[in-house]
Structures are given as structure tokens and as C-alpha cells.
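Novice:
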Amino acid sequence: MDLAYKEDWPEAQKRLTAWWHREIVDRVCVQVHAPRRGFEHVEKPAYADLREYWTDYDYIRREMLHTCETHFFGGEAVPILKRLGSAVPVKSTPPGVTYREDTVWREPVIKDWDNVPQLGMNPDSEAFEVYLQHYRRVIDDAYGYYYVPLQGPAVTGDTLRGLRGSAELCMDLIDYPDKVKAAENELIGPKWHRIYDRIWDVISARMDGTGYAYLAWAPGRTFCLQNDFSYMISNEMFREFFLDGLVRQIEHLDYSMYHLDGVEALRHLDSLLEIEKLDAIQFIPGAGSKGYVYYIDVLRRILKAGKCTYVVAVNLKIMEQLMAELPHEGLMFSVFCKSQDEAEHVLKEAKRLTTPARRVF
Numbered sequence: 003m004d005l006a007y008k009e010d011w012p013e014a015q016k017r018l019t020a021w022w023h024r025e026i027v028d029r030v031c032v033q034v035h036a037p038r039r040g041f042e043h044v045e046k047p048a049y050a051d052l053r054e055y056w057t058d059y060d061y062i063r064r065e066m067l068h069t070c071e072t073h074f075f076g077g078e079a080v081p082i083l084k085r086l087g088s089a090v091p092v093k094s095t096p097p098g099v100t101y102r103e104d105t106v107w108r109e110p111v112i113k114d115w116d117n118v119p120q121l122g123m124n125p126d127s128e129a130f131e132v133y134l135q136h137y138r139r140v141i142d143d144a145y146g147y148y149y150v151p152l153q154g155p156a157v158t159g160d161t162l163r164g165l166r167g168s169a170e171l172c173m174d175l176i177d178y179p180d181k182v183k184a185a186e187n188e189l190i191g192p193k194w195h196r197i198y199d200r201i202w203d204v205i206s207a208r209m210d211g212t213g214y215a216y217l218a219w220a221p222g223r224t225f226c227l228q229n230d231f232s233y234m235i236s237n238e239m240f241r242e243f244f245l246d247g248l249v250r251q252i253e254h255l256d257y258s259m260y261h262l263d264g265v266e267a268l269r270h271l272d273s274l275l276e277i278e279k280l281d282a283i284q285f286i287p288g289a290g291s292k293g294y295v296y297y298i299d300v301l302r303r304i305l306k307a308g309k310c311t312y313v314v315a316v317n318l319k320i321m322e323q324l325m326a327e328l329p330h331e332g333l334m335f336s337v338f339c340k341s342q343d344e345a346e347h348v349l350k351e352a353k354r355l356t357t358p359a360r361r362v363f
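Residue 3 is where the sequence shown starts when you use our numbering, and the numbers rise one by one after that.
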């Protein structure tokens, strides 16, 4: 698929495809973001309230097209829709829902384990058919401008945490382990695969891949793999309750990247590196932590295990430091710049510094 606002997308696709296979075309992959030249001081379209921001698809599409027009997607950066909006009009805030600038928060619905409501989407329901129809509209509108993420299937650990509550789920791992395992299996079991496949059929009918905003485009089946809830539990509990479901998800994908968020989550790194089919790990030190240069050994372990890694939101100086210390195959950065001139300079430096077949383990 050609992109109206990214003329070099065919070349970027080749580099990203090579990155997934730990290969290099001509330089390390760099997703560099900046205001497009001539659009340095343009404001985003205004929205009436946060409900409109999150649910009104017409506004979301207008905002995304504005981003495509005013944003420079340099290197391997690609426009990817962040929010799908609602499949049906939302005229008022639903009970138990709070819209925030960075997320939508919902009241937990599992009050006790003797009265568990339906968990996750029902792929046999009329509501799911409405959701797919909305997806088709989103795909049709996006074609030729931006990619659309695959959203809807449950996320290991985090979906259940949202349904139950963080503190409650922590206690449940001790008090009701069988109930938790049954619920997680309901969310990440055979139903998950059916939901994923039906949404993927809609996407792949028109698009040559998918991805997630500020993650990575992939030329096949991928998904946003994460478990931020694991930050709160031991590795023994992670392995007992969530690892099998994660492996089932990974085995269903063509390309897999795990989002490992926070220094405390590093206790699970060895478990993740043991998953043979896991392609990539995106480690983020987290708010208040030291920067990536203090975690070079973590990135080196990921690369040494045969995985790719994606280092996000760094500047040119940090990129140079990491490239001096790490192998370049399987390494990707995202860099945010103040101008298109600065962004283009970052790409030139990335090419100058790239050394294929660099071994520094």
C-alpha cells in the first residue's frame, strides 16, 4: 500500500521487514518524528470534550488526516491510527466510564468470583458484527493514508486487571488461583484466536500489514503484547498465571513484540527470552528511572538472545552512545525532533554510524 504522505514508504518497508529478521538493508532502523516543514506551529483540530476525543470516529479520522499532513514521518516512522472510536454513537458518558487525556478508565465489573459477567468480546454476537462493520469503514477510510492497528482481542493480564481491579487481582492470585486461571483462559483461549482472526481478515483484505502507533509496522499478523500488571507480581506468579497465555498469543502471530514497561518488570526478562518464537522486546525503563544508557546490558541481553529490540523516545546523542555499544542487527530507535531538518540529520547520522555484522557481545 502506498501512503500519500510518506513517499519513501517502500524503502522503509524493506528496512522494517529486514529488522524483524535481524538483518540490515543500509542502516539501523530509526523512526524519527518531527513537524513537517512549514507546519511547525500548527494546532491539532479542537474537540468538544474528551468523550468526543475518544469515541467520535469522524473527529478521530479528521485528527489523523491532519497529523498525516502536518507530521514528518522520517525513516521507518509510519502513520498508524491510535484510536478506532466507537462503532455506535456515544451521546453521553456511559456509567462507570471516565475519559482522561491519556486513557479511558472503566470501573471493574467483576465484583466477586461467584458472579462473573461475560469476559471479553463474543465473536458470535450481533455486537461483534457491528464492530467488524465499523472496522471495515475505518480500513476503507485509512487506505492510502495510514495503517490501522488490530484492536479488540484481550491483552494478557491487563484485560483481567481492568475487569477486576489491580489490588483485587493481586489478592485473587493467592485466594482464588483457579478462578483467575479460568478467567484468563477464557480471555486468552480459543475465543481469542477467533476474535483475532476475524479482525485480521478485515485488515488484511485491504492492507499489507499492521502495527501500533510508536511501535512497529509488521508485514503480517502482529499484536500489542504486554502485561503491565506483571510489574506488581513475582516471576513465579507471572509464569504460573500468564506465561502460557502469552505463548499461545505469540504462536498465533507472524511477528511478535513484547512491551516490557518499567525496571521492576525486568524480573520477567529471562522468562520472555526463553520464548523461542518471540521476535522482539521493547523495554522502557519507566517514569523516574535512569535512561537507556544505564540499561545497555539489558538491551545487550535481548539482542544476544536472538531477539530484536526497539529503543524509544531517545535523542541523537543517546542513539550514538547505544550504537557504539550494541550490535546493529535487530536494533531500532525512535527519535523525536523539533524540526524536519533535525530529523533528516538524525537519519544521515544513523546511516554513517551503521556497521553491519557488528559483534560486541
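Using N, Cα and C, we set each Cβ at its ideal position, and we do this for glycine too.
Does GLY77 come out as helix, strand or coil in the three-state DSSP assignment?
Specialist: Residue numbering aside, residue 77 sits at position 75 when the sequence shown is read from its first letter. Looking at GLY77 - three-state DSSP - the assignment turns out to be strand.
Novice: How would you label PHE363, buried or exposed, when you count the other beta carbons within 10 angstroms and need 16 or more for buried?
Specialist: Walking along the sequence shown from the start, residue 363 turns up at place 361. With a pLDDT of only 38 at PHE363, under 50, the local geometry of the prediction cannot be trusted, and the value read off the model is given with reservation. Exposed.
Novice: If we call anything under 8 Å between Cβ atoms a contact, is VAL34 one with GLY76?
Specialist: Sequence index remark: in the sequence shown, residue 34 carries index 32 (1-based). Sequence index remark: in the sequence shown, residue 76 carries index 74 (1-based). In contact: VAL34 and GLY76 (Cβ atoms closer than 8 Å).
Novice: Taking the alpha helix (DSSP H) that GLN323 belongs to, which residues open and close that run?
Specialist: The residue given as residue 323 occupies position 321 in the sequence shown. Per DSSP, GLN323 belongs to the alpha helix (DSSP H) from 318 to 327.
Novice: Can you confirm whether the stretch 136 to 156 touches the stretch 93 to 101 when touching is taken to mean that 3 or more C-beta pairs between the two stretches lie within less than 8 Å?
Specialist: The stretch 93 to 101 is not in contact with the stretch 136 to 156.
Novice: Could you tell me whether the Cβ atoms of LEU189 and LEU86 are closer together than 8 Å?
Specialist: Locating residue 189 in the sequence shown gives position 187, counting from the first residue. Locating residue 86 in the sequence shown gives position 84, counting from the first residue. Cβ atoms of LEU189 and LEU86: not closer than 8 Å.
Novice: If you measure between the beta carbons of ALA345 and LYS309, is that distance less than 8 Å?
Specialist: Numbered from its first residue, the sequence shown carries residue 345 at position 343. Numbered from its first residue, the sequence shown carries residue 309 at position 307. Cβ atoms of ALA345 and LYS309: not closer than 8 Å.
Novice: Quick check on the DSSP output: the beta strand (DSSP E) that includes PRO37 runs from which residue to which?
Specialist: Walking along the sequence shown from the start, residue 37 turns up at place 35. Its beta strand (DSSP E) spans residues 31 to 37.
Novice: Is the beta carbon of TYR145 closer than 8 Å to that of ARG208?
Specialist: Reading the sequence shown from its first residue, position 206 is the one you call residue 208. Reading the sequence shown from its first residue, position 143 is the one you call residue 145. Contact flag set, yes.
Novice: Suppose you measure from the CA of SER127 to the CA of THR72; what does that come to, to the nearest Å?
Specialist: On the sequence shown, residue 127 is found 125 positions in, with the first residue counted as 1. On the sequence shown, residue 72 is found 70 positions in, with the first residue counted as 1. Roughly 40 Å separates the two Cα atoms.
Novice: Going by CA-CA distance only, name the one from TRP202, GLU276, ILE26 and GLY288 that's closest to TYR133.
Specialist: Walking along the sequence shown from the start, residue 133 turns up at place 131. Looking at the Cα atoms, TRP202 is the closest of the given residues.
Novice: Within 8 Å, do at least three Cβ pairs link the stretch 315 to 334 to the stretch 49 to 62?
Specialist: The stretch 49 to 62 is not in contact with the stretch 315 to 334.
Novice: Assign THR105 to one of two classes, buried (16 or more other C-beta atoms within 10 Å of its C-beta) or exposed (fewer than that).
Specialist: Within the sequence shown, the letter at position 103 stands for residue 105. Exposed is the call here.
Novice: Compute the Euclidean distance between the alpha carbons of LYS84 and VAL32, then round it to the nearest angstrom.
Specialist: For the purposes of this step, residue 84 is identified with residue 82 of the sequence shown, where counting begins at 1. For the purposes of this step, residue 32 is identified with residue 30 of the sequence shown, where counting begins at 1. Their backbone Cα atoms lie some 20 Å apart in a straight line.
Novice: Cβ atoms of ARG166 and ASP177: under 8 Å apart, would you say?
Specialist: Against the sequence shown, residue 177 aligns to sequence position 175. Against the sequence shown, residue 166 aligns to sequence position 164. No. Outside cutoff.
Novice: Roughly how many angstroms lie between the CA atoms of ILE205 and LEU5, to the nearest whole one?
Specialist: Start at 1 with the first residue of the sequence shown, and residue 205 comes out as number 203. Start at 1 with the first residue of the sequence shown, and residue 5 comes out as number 3. For ILE205 and LEU5, the distance between alpha carbons rounds to 16 Å.
Novice: Buried or exposed: which applies to ARG361, given that a residue is buried once 16 or more other Cβ atoms fall within 10 Å of its Cβ?
Specialist: Here residue 361 is taken as the residue at index 359 of the sequence shown, counted from 1. Low per-residue confidence applies at ARG361: pLDDT is 44, beneath 50, and the placement is therefore not dependable, though the value from the model is reported in the following sentence. Exposed.
Novice: Tell me the start and end of each unbroken beta strand (DSSP E) in the stretch 82 to 147 that is at least 3 residues and wholly inside, in chain order.
Specialist: Complete beta strand (DSSP E) runs here, min 3: 99 to 101 and 106 to 108.
Novice: For HIS261, which three-state DSSP category applies?
Specialist: Sequence index remark: in the sequence shown, residue 261 carries index 259 (1-based). Looking at HIS261 - three-state DSSP - the assignment turns out to be strand.
Novice: Alpha carbons only, please: which of TRP11, PHE244 and GLU54 is nearest the one belonging to GLU186?
Specialist: In the sequence shown, the residue the question calls residue 186 occupies position 184. Of the candidates TRP11, PHE244 and GLU54, the one whose C-alpha sits nearest the C-alpha of GLU186 is PHE244.
Novice: Alpha carbon to alpha carbon, what distance is there between ALA215 and PHE231?
Specialist: Within the sequence shown, residue 231 is the residue found at index 229, counting from 1. Within the sequence shown, residue 215 is the residue found at index 213, counting from 1. Cα to Cα, PHE231 sits roughly 21 Å from ALA215.
Novice: Let me know if GLN284 comes out buried or exposed under the rule of 16 or more other beta-carbons within 10 Å of its beta-carbon.
Specialist: Walking along the sequence shown from the start, residue 284 turns up at place 282. Buried.
Novice: Closer than 8 Å by C-beta to ARG241: which residues in its own chain qualify, once you throw out the five before and the five after it? Chain order, please.
Specialist: Reading the sequence shown from its first residue, position 239 is the one you call residue 241. Once the five neighbours on either side are set aside, the close Cβ partners of ARG241 are SER273.
Novice: Three or more beta-carbon pairs under 8 Å between the stretch 253 to 273 and the stretch 223 to 237, yes or no?
Specialist: With a cut-off of 8 Å, the stretch 223 to 237 and the stretch 253 to 273 count as touching, because enough Cβ pairs lie within range.
Novice: Do we get a CB-CB distance below 8 Å when we pair THR212 with the residues of chain D?
Specialist: Chain labels in this structure do not include chain D; a single protein chain is all it has.
Novice: Which residue wins for smallest C-alpha separation from GLY154, given the options LEU217, GLY293, MET334 and HIS195?
Specialist: The residue labelled residue 154 in the question sits at position 152 within the sequence shown. Per the Cα distances, HIS195.
Novice: On the premise that LEU255 lies in contact with THR212, defined as a C-beta separation below 8 Å, what is that separation, rounded to the nearest angstrom?
Specialist: Taking the first residue of the sequence shown as position 1, residue 212 is located at position 210. Taking the first residue of the sequence shown as position 1, residue 255 is located at position 253. So it is not a contact: roughly 11 Å between Cβ atoms.
Novice: DSSP state of LYS16, grouped into three classes?
Specialist: Counting from one through the sequence shown, the residue named residue 16 turns up at place 14. The answer is helix: DSSP assigns LYS16 an H, G or I state.
Novice: Per DSSP, LEU333 forms a beta bridge with which residues?
Specialist: Against the sequence shown, residue 333 aligns to sequence position 331. THR311.
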